[in-house]
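Student: In the UniProt record's numbering, the protein residues as written are 1 to 367. Quick one: the structure is below, and I'll ask about it shortly.
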Amino acid sequence: MNMDLKLRPKSECMYDELSLGEVMLRLDPGEGRIRTAREFRASEGGGEYNVARGLAKCFGLKTAVVTALAKNDVGYLVEELIDAGKVDSQFIVWKDFDGIGRSVRNGLNFTERGFGVRGALGVSDRANTAASQLKVGDVDWEYLFGTLGVRWLHTGGIFAALSETTAEVVIEALKVAKKYGTIVSYDLNYRPSLWSNIGGQAKAQEVNKEIAKYVDVMIGNEEDFTACLGFEIEGNDENLKELDIEGYKRMLDNVAKVYPNFKAIGNTLREVKSATVNDWAAMVWAGGEIYKSRDYKGLEIMDRVGGGDSFASGLIYGLMETQDPQKAVEYGAAHGALAMTTPGDTSMARKAEVEKLMGGGSARVQR
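This is the structure in structure tokens:
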């Protein structure tokens, strides 16, 4: 099956893809623990940004990010990391820093990878960040989508949950994107901790149900569709040990009836055997059919954070370049698998490596 996404031509767009979301400084203690660390490795990351970086660094597309940073040396470090990731940073909204971060600051994300029976651990320090204070009117979306041109916009539920105003910014951006024919993808990415102080799951559903009206490609896992949109899967046992494909399909058929604007729905499938060994795969619903990737059984993981974002960037690349949901889900699953073999939120893979793995390539040494 080939889809007709009606993508804007490259000739009339400056950017293949634009991401809207927060970019934080990730501080990683390596093999150790946050609470015993004496040094940290710094990198950048953010659920929406990671997609733009994967599309740029791995797949060679021209991408940009809309975010906000406090104007200090931590913000400048994040900007430099974004630039190194080949993502255009010119649309950063810079907020004046008050000297101590009382009114505005940059987000920090302390993340340990986990190993074996010890799960990964993230400790976010992101209250009152510049990105959480973005509000309607801060970004000239007409200029971005109308004058410069963007083929694809990606954002997600992490950014939407940062504050009351960021959810409004998402809807503002999506409305202008749709006006100019830009394809919109959205990763539900439900995080209970982000919603707990602003209305919990009820607020998450209220916000995400409104946002869903403007989305072309919805991304998430089975918990996301339940928590954010209120849909349940029938026929599954705990942790997807025995995935009922037909039960999953029935749920996604129901989702598409409520949101007929969804052209595709992407889902990651993960069974956690330990922090360092997972079974991994992905599915795409399109046109009433399910397209499932090859299974990556016993996938050995170095760092699982960002695997879903790399799935999203591979899926988006596959849909943009081939409009074939089977090829797209294979790109997504392979890219996500490779991203989890390296440290950090973002992918270190190359397109050729992704395509080799899609084709059944092995981990034999290359000389």
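Cβ atoms here follow ideal geometry from the backbone N, Cα and C, with glycine treated the same way.
Enumerate, from N- to C-terminal direction, the unbroken alpha helix (DSSP H) stretches of 4 or more residues contained entirely within the region 244 to 270.
Tutor: With a minimum length of 4 residues, the continuous alpha helix (DSSP H) runs that stay inside the region 244 to 270 are 245 to 258.
Student: Thinking just about the alpha-carbon of each residue, which of 200, 79, 185 is nearest to the one in residue 192?
Tutor: Along the sequence shown, one-based indexing puts residue 192 at 192. Comparing Cα-Cα distances from residue 192 to each of 200, 79, 185, the minimum goes to 200.
Student: Assign residue 155 to one of three DSSP states: helix, strand, or coil.
Tutor: For this step, residue 155 is matched to residue 155 along the sequence shown. Three-state result, residue 155: strand.
Student: Quick check on the burial criterion: 16 or more other C-beta atoms within 10 angstroms. Buried or exposed for residue 123?
Tutor: Along the sequence shown, read from residue 1 onward, the residue named residue 123 stands at position 123. With fewer than 16 other Cβ atoms within 10 Å, it is exposed.
Student: Along the chain, where does the beta strand (DSSP E) containing residue 283 start, and where does it finish?
Tutor: Residue 283 sits at position 283 when you count from the first residue of the sequence shown. Where residue 283 is concerned, the enclosing beta strand (DSSP E) stretches over 277 to 286.
Student: Less than 7 angstroms between CB atoms is the rule here; does residue 325 satisfy it with respect to chain C?
Tutor: Structure shown: chain C not included; a single protein chain is present.
Student: Rounded to the nearest angstrom, what separates residue 158 and residue 189 at their Cα positions?
Tutor: Position 158 of the sequence shown, counted from the start, is the residue given in the question as residue 158. Position 189 of the sequence shown, counted from the start, is the residue given in the question as residue 189. Near 6 angstroms, if we compare the C-alpha coordinates of residue 189 and residue 158.
Student: Report the rounded CA-to-CA distance for residue 230 versus residue 259, giving the unit in angstroms.
Tutor: Here residue 230 is taken as the residue at index 230 of the sequence shown, counted from 1. Here residue 259 is taken as the residue at index 259 of the sequence shown, counted from 1. Taking the straight line joining both Cα atoms gives about 13 angstroms.
Student: Whose C-beta lies closer than 7 angstroms to the C-beta of residue 2 among residues of the same chain, with five residues either side of it excluded?
Tutor: Position 2 of the sequence shown holds residue 2. Hits under 7 angstroms: 323, 324.
Student: For residue 356, which residues in the same chain have their Cβ closer than 6 angstroms to its Cβ, ignoring the five residues on either side in sequence?
Tutor: On the sequence shown, position 356 is the one that residue 356 refers to. No residues qualify anywhere along the chain.
Student: Assuming residue 166 contacts residue 196 under a Cβ cut-off of 8 angstroms, what Cβ separation, rounded to an integer in Å, is found between them?
Tutor: Working through the sequence shown from its first residue, we reach residue 166 at position 166. Working through the sequence shown from its first residue, we reach residue 196 at position 196. Not confirmed; about 16 angstroms, so no contact.
Student: Measuring CA to CA, which of 253, 331, 116 is closest to residue 278?
Tutor: Here residue 278 refers to the residue found at position 278 when the sequence shown is read from its first residue. The candidate whose alpha carbon is nearest that of residue 278 is 116.
Student: Is DSSP giving residue 93 helix, strand or coil here?
Tutor: Locating residue 93 in the sequence shown gives position 93, where the first residue counts as 1. Looking at residue 93 - three-state DSSP - the assignment turns out to be strand.
Student: When burial is assigned at 16 or more other CB atoms within 10 Å of the CB, is residue 360 buried or exposed?
Tutor: For the purposes of this step, residue 360 is taken as the residue at position 360 of the sequence shown. Result: exposed.
Student: Considering only the alpha carbon of each residue, which of 50, 20, 111, 108 lies closest to residue 135?
Tutor: For this step, residue 135 is matched to residue 135 along the sequence shown. It is 20 whose Cα lies nearest to the Cα of residue 135.
Student: In this structure, does DSSP put residue 237 in helix, strand or coil?
Tutor: In the sequence shown, residue 237 corresponds to position 237, counting from 1. Low confidence applies here, because residue 237 scores a pLDDT of 48, under 50, leaving its location unreliable and the question unanswered by this model.
Student: Leaving out five residues before and five after residue 237 in sequence, what residues of the same chain have Cβ atoms less than 7 angstroms from its Cβ?
Tutor: Walking along the sequence shown from the start, residue 237 turns up at place 237. Only weak support is given to the placement of residue 237: the predicted model assigns it a pLDDT of 48, under 50, and the question is left unresolved by the model.
Student: Roughly how many angstroms lie between the CA atoms of residue 337 and residue 265, to the nearest whole one?
Tutor: In the sequence shown, residue 337 corresponds to position 337, counting from 1. In the sequence shown, residue 265 corresponds to position 265, counting from 1. If you take the alpha carbons of residue 337 and residue 265, they lie about 19 angstroms apart.
Student: Using 8 angstroms as the threshold, is the region 60 to 70 in touch with the region 28 to 35, meaning 3 or more CB pairs across them?
Tutor: Flag = no, the region 60 to 70 and the region 28 to 35 do not touch.
Student: Label residue 268 either buried or exposed according to how many other C-beta atoms from any shown protein chain fall within 10 Å of its C-beta, with 16 as the threshold for buried.
Tutor: On the sequence shown, position 268 is the one that residue 268 refers to. Buried, since its Cβ has 16 or more Cβ neighbours within 10 Å.
Student: State the start and end residues of the unbroken beta strand (DSSP E) segment that holds residue 346.
Tutor: The residue you call residue 346 lines up with position 346 of the sequence shown. Here residue 346 belongs to no beta strand (DSSP E), and DSSP marks it neither H nor E.
Student: Near residue 353, which residues of its chain fall below 7 angstroms by C-beta distance, leaving aside the five closest residues on each side in sequence?
Tutor: Indexing the sequence shown from 1 puts residue 353 at position 353. Taken in chain order, the residues that qualify are 338.
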